[in-house]
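Protein sequences, first through last, are from chains A and B.
Residue 21 in this note's numbering sits at position 21 of the first sequence; the count goes up by one each step and never skips.
Residue 1009 in this note's numbering sits at position 9 of the second sequence; the count goes up by one each step and never skips.
A virtual CB, placed ideally from N, CA and C, is assigned to each residue, including glycine.
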Amino acid sequence: MNIFRLAGDMTHLLSILVLLLKINATRSCRGVSLKTQELYALVFVCRYLDLFTNFISMYNTIMKIIFLASTFTIIYWMRFHKVIRVTYDREQDTFRYQFLVLPCLVLALLLNSEFTVMEVLWTFSIYLEAVAILPQLVLLQRTNNIDNLTGNYVFLLGSYRALYILNWIYRFLTEPNYRQYLVWISGIVQTIIYIDFFYYYIKSWKNNEKLSLPA
Amino acid sequence: IPKEDGHDEL
């Protein structure tokens, strides 16, 4: 574990905490994409099947459980909480799951390092994570008045990905035989998806204006 | 990917 990896994981954790806090404190999930949260739930379920088969470290196990539990909590609130669910922008959050899930599944079946159920599902989760933020970005673009915390949530998620790239560079330079091309390419794609958002986020922060994404 | 160690990133 290097400092970039730890910082990346902590940023990821913080992003989820910001989202939980926003929804819980304001009793509103306005501007939050349920589709993105459900895609993340699918990502975590497929990736963390090894919770049952392979122990890596206490740290890994606890983080995996936190990511799963927090994502399912957010989904539960958005779908079933009697106050919160009313604030969900159902009509705006129209991205179709199948446009992301099916191509990622096909790609995982074709491009993986081992053709086993566990490994294909793990690879699927890597591909799906790369694009799971898209419904959230589309929803933000349609939201006129983006909540500060929602903006911060997406910014922290993007930062987590950027820190993981630094982690991979560090590991590549320090660990012999450390290579994972599929993960690197997906991670780079995932980070590129955020660049446009970063540009407007930093611009609004510099000018002390409210964040808004041009359509 | 060194599979025998499992995937150690989150």
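Taking residue i as part of the alpha helix (DSSP H), name the residues at either end of that continuous run.
{"i": "residue 129(A)", "result": "117-131"}
{"i": "residue 9(A)", "result": "3-26"}
{"i": "residue 187(A)", "result": "181-206"}
{"i": "residue 172(A)", "result": "148-174"}
{"i": "residue 61(A)", "result": "58-80"}
{"i": "residue 41(A)", "result": "34-47"}
{"i": "residue 135(A)", "result": "134-142"}
{"i": "residue 215(A)", "result": "Segment: none, residue 215(A) is in no alpha helix (DSSP H) and carries neither H nor E."}
{"i": "residue 98(A)", "result": "97-110"}
Would you call residue i buried or exposed, if buried means 16 or more other Cβ atoms sit within 10 Å of its Cβ?
{"i": "residue 84(A)", "result": "buried"}
{"i": "residue 18(A)", "result": "buried"}
{"i": "residue 80(A)", "result": "exposed"}
{"i": "residue 135(A)", "result": "buried"}
{"i": "residue 55(A)", "result": "exposed"}
{"i": "residue 98(A)", "result": "exposed"}
{"i": "residue 297(A)", "result": "The structure shown has nothing for residue 297(A), since chain A only spans 1 to 215."}
{"i": "residue 74(A)", "result": "buried"}
{"i": "residue 206(A)", "result": "exposed"}
{"i": "residue 53(A)", "result": "exposed"}
{"i": "residue 1003(B)", "result": "Low confidence applies to residue 1003(B): its pLDDT is 47, below 50, so where it sits in the model is not reliable, and the reading given next is rough at best. It counts as exposed."}
{"i": "residue 9(A)", "result": "buried"}
{"i": "residue 199(A)", "result": "exposed"}
{"i": "residue 22(A)", "result": "buried"}
{"i": "residue 183(A)", "result": "buried"}
Looking at the C-beta of residue i, does it have a partner C-beta in chain C at a distance below 7 Å?
{"i": "residue 3(A)", "result": "In the structure shown, chain C does not exist; the protein chains are A and B."}
One question on the structure: do residue i and residue j come within less than 7 Å of each other, judged by their Cβ atoms?
{"i": "residue 11(A)", "j": "residue 160(A)", "result": "yes"}
{"i": "residue 46(A)", "j": "residue 125(A)", "result": "yes"}
{"i": "residue 2(A)", "j": "residue 170(A)", "result": "yes"}
{"i": "residue 78(A)", "j": "residue 20(A)", "result": "no"}
{"i": "residue 211(A)", "j": "residue 133(A)", "result": "no"}
{"i": "residue 172(A)", "j": "residue 201(A)", "result": "no"}
{"i": "residue 108(A)", "j": "residue 190(A)", "result": "no"}
{"i": "residue 220(A)", "j": "residue 64(A)", "result": "Here chain A covers residues 1 to 215 and nothing more, so residue 220(A) does not appear."}
{"i": "residue 157(A)", "j": "residue 15(A)", "result": "yes"}
{"i": "residue 71(A)", "j": "residue 115(A)", "result": "no"}
{"i": "residue 142(A)", "j": "residue 180(A)", "result": "no"}
{"i": "residue 4(A)", "j": "residue 166(A)", "result": "yes"}
{"i": "residue 217(A)", "j": "residue 39(A)", "result": "Outside the displayed range of chain A (1 to 215) lies residue 217(A), so it cannot be described from this structure."}
{"i": "residue 29(A)", "j": "residue 87(A)", "result": "yes"}
{"i": "residue 150(A)", "j": "residue 31(A)", "result": "yes"}
{"i": "residue 128(A)", "j": "residue 104(A)", "result": "yes"}
task = Name, going along the chain, the residues of the stretch 14-37 of chain A whose beta-carbon falls closer than 7 Å to a beta-carbon of chain B.
result = If the cut-off is 7 Å between Cβ atoms, the stretch 14-37 of chain A has nothing near chain B.
inquiry  = Which residues of the stretch 174-198 of chain A have a Cβ closer than 9 Å to any Cβ of chain B? Give them in chain order.
reply    = Within the stretch 174-198 of chain A, the residues whose Cβ lies closer than 9 Å to some Cβ of chain B are 177, 178, 179, 180, 181, 182 and 183, listed in chain order.
query = Looking at chain B, which residues of the stretch 59-71 of chain A have a Cβ within less than 8 Å of any of its Cβ atoms?
reply = So the close ones are 60, 63, 64 and 67.
key: Residues, ordered as in the chain, of the stretch 108-133 of chain A that lie near chain B by beta-carbon distance below 7 Å   = Flagged, chain order: 113, 114 and 122.
query = Residues in the stretch 43-56 of chain A with C-beta within 9 Å of chain B's C-beta atoms, listed in sequence order?
reply = Flagged, chain order: 47, 48, 50, 53, 54, 55 and 56.
Positions along the stretch 75-94 of chain A whose CB lies within less than 9 Å of some CB in chain B = Against chain B - using a Cβ distance shorter than 9 Å - the stretch 75-94 of chain A contributes no residues.
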